[in-house]
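Numbering (our numbering), first residue to last: 461 to 778.
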């Protein structure tokens, strides 16, 4: 890079730095980042910012600096790119590096960066029902009895079960395989249907030798149920697809369509629980559109119509 280009790049980096701190920065704080050899050389470069011309604006239209003797502030009447965007994968990779590298000199800086990353991503290590999963894993490891409140999918009823947890099986959904102390047999429980979970001080029993047979039968049943599932085809925005992918297995078809200024990509996902899927889709608003099956489209349409009618009735009453 020739000297003129390097100096221009240095000036633009100063603009980026100041624009990202609207509260202002002291000269020492700026020097600590830019690496200027002296405060006087930094002041010189700050003064030269006024001389960066951006046609058709005059220099004072483009950059307006304010120094009150303590902090330097910048005002930009025109838009200047003040940040370098990262993709979700890049954010996750950066977070992973920060978590694994514990030798950072300034721990507060590392924690500050992690906090900002967590404001962009839910969490680099986040997964659905994480707290429930951690309690189950701890109970299995330490051989502790669990008491759960479980929502039965077939009858839509809640019931309390006392279990000796045996295995956490994570396929497309997470399942707890456990020995039910009341029913005297092995049972499976989907983690997203566990409403409450507590660890008990009861004595952990000896697991029957039929555990392996139950596991084999469960896997066969699970595979059979998956093969019979209906696929749901969705049009999803890029932002929504990242977060929805944490809840559902999404298979991209490669089809893309544009609706006004919004780009949608086509995905397919198995429909395992119709009501849960509809409520999940509704939570994303117009970021997710249903292509098929027709029954899901009609259910969502009726739900939206009922909400609209309810709001109209409330408006009339008031």
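The beta-carbon is built from N, C-alpha and C at its ideal position, and this holds for glycine as well.
C-alpha gap between residue 700 and residue 506, whole angstroms: Residue numbering aside, residue 700 sits at position 240 when the chain shown is read from its first letter. Residue numbering aside, residue 506 sits at position 46 when the chain shown is read from its first letter. When rounded, the distance between both Cα atoms is 41 Å.
Beta-ladder partner(s) of residue 726, from DSSP: Here residue 726 is taken as the residue at index 266 of the chain shown, counted from 1. Looking at the DSSP assignment, residue 726 forms a beta bridge with 695.
Same chain, Cβ closer than 7 Å to residue 717, neighbours up to 5 away in sequence not counted: Within the chain shown, numbered from 1, the residue matching residue 717 stands at position 257. Answer for residue 717: 695 and 724, listed in chain order.
Where residue 499 falls, given that 16 or more other Cβ within 10 Å makes a residue buried: As a working note, residue 499 is residue 39 in the chain shown. By the neighbour-count rule (16 or more Cβ atoms within 10 Å), residue 499 is not buried but exposed.
Residue 762 versus residue 755: straight-line alpha-carbon distance, rounded: Locating residue 762 in the chain shown gives position 302, where the first residue counts as 1. Locating residue 755 in the chain shown gives position 295, where the first residue counts as 1. Those two C-alpha atoms are separated by around 11 Å.
Exposure label - residue 688; buried when at least 16 CB within 10 Å: In the chain shown, the residue the question calls residue 688 occupies position 228. Bear in mind that the predicted position of residue 688 carries a pLDDT of just 49, short of 50, making it unreliable; the figure below should be weighed with that in mind. It counts as exposed.
Element boundaries [alpha helix (DSSP H), containing residue 645]: Position 185 of the chain shown, counting from 1, holds the residue named residue 645. It is not in any alpha helix (DSSP H) - residue 645 instead sits in the beta strand (DSSP E) that spans 645–650.
Inter-residue Cα distance where the pair is residue 621 and residue 662: Here residue 621 refers to the residue found at position 161 of the chain shown. Here residue 662 refers to the residue found at position 202 of the chain shown. Straight-line Cα distance between these residues: approximately 13 Å.
Nearest-angstrom Cα separation, counted from residue 576 out to residue 517: As a working note, residue 517 is residue 57 in the chain shown. As a working note, residue 576 is residue 116 in the chain shown. Note that residue 517 scores a pLDDT of 45, beneath 50, so its modelled location is shaky and nothing firm can be said.
Check whether residue 608 and residue 667 have beta carbons under 9 Å apart: On the chain shown, residue 608 is found 148 positions in, with the first residue counted as 1. On the chain shown, residue 667 is found 207 positions in, with the first residue counted as 1. The answer is no: Cβ separation not under 9 Å.
In chain order, each beta strand (DSSP E) run of at least 3 residues that lies wholly inside the stretch 728–759: 748–752
Where residue 630 falls: helix, strand or coil (DSSP): Position 170 of the chain shown holds residue 630. Note: residue 630 maps to strand in three-state DSSP.
Residue 598, enclosing alpha helix (DSSP H) - first and last residue: In the chain shown, counting from the first residue as 1, residue 598 sits at position 138. Run containing residue 598: 590–602, per the alpha helix (DSSP H) assignment.
Pairwise C-alpha distance: residue 714 and residue 758: Counting from 1 along the chain shown, the entry for residue 758 is found at position 298. Counting from 1 along the chain shown, the entry for residue 714 is found at position 254. C-alpha separation (whole angstroms): 25 Å.
Per-residue DSSP class, three states only, for residue 505: Indexing the chain shown from 1 puts residue 505 at position 45. Correct three-state label for residue 505: helix.
Residues bridged to residue 711 (per DSSP): Here the question's residue 711 lines up with position 251 in the chain shown. BP columns for residue 711 point to 728.
Residues that DSSP places opposite residue 437 in a beta bridge: Coverage of the chain is limited to positions 461 through 778, which leaves residue 437 absent and any answer about it impossible.
Cβ pair residue 606, residue 638 closer than 9 Å: On the chain shown, position 146 is the one that residue 606 refers to. On the chain shown, position 178 is the one that residue 638 refers to. Their beta carbons are under 9 Å apart, which means residue 606 touches residue 638 by this criterion.
Backbone CA spacing between residue 736 and residue 625 [nearest angstrom]: Locating residue 736 in the chain shown gives position 276, where the first residue counts as 1. Locating residue 625 in the chain shown gives position 165, where the first residue counts as 1. Looking at the two C-alpha atoms, the distance is approximately 26 Å.
C-alpha distance - residue 533 paired with residue 720, whole-angstrom precision: Position 73 of the chain shown, counted from the start, is the residue given in the question as residue 533. Position 260 of the chain shown, counted from the start, is the residue given in the question as residue 720. Each residue's Cα considered, the two are about 38 Å apart.
Residue 623, buried or exposed, once every other Cβ within 10 Å from all chains shown has been counted against 16: Within the chain shown, the letter at position 163 stands for residue 623. Classification of residue 623: buried, given that the 10 Å Cβ count is 16 or more.
Among 482, 528, 650 and 602, nearest to residue 452 - alpha-carbon criterion: In the structure as shown, the chain starts at 461 and stops at 778, and residue 452 therefore has no counterpart that could be examined.
Residues near residue 583 by beta carbon distance below 6 Å, same chain, minus five either side: Here residue 583 is taken as the residue at index 123 of the chain shown, counted from 1. Here the model assigns residue 583 a pLDDT of 46, short of 50, so the residue's position is not dependable, and the following value carries that caveat. There are no such residues.
C-alpha gap between residue 702 and residue 486, whole angstroms: In the chain shown, counting from the first residue as 1, residue 702 sits at position 242. In the chain shown, counting from the first residue as 1, residue 486 sits at position 26. Residue 702 and residue 486: Cα-Cα distance of roughly 39 Å.
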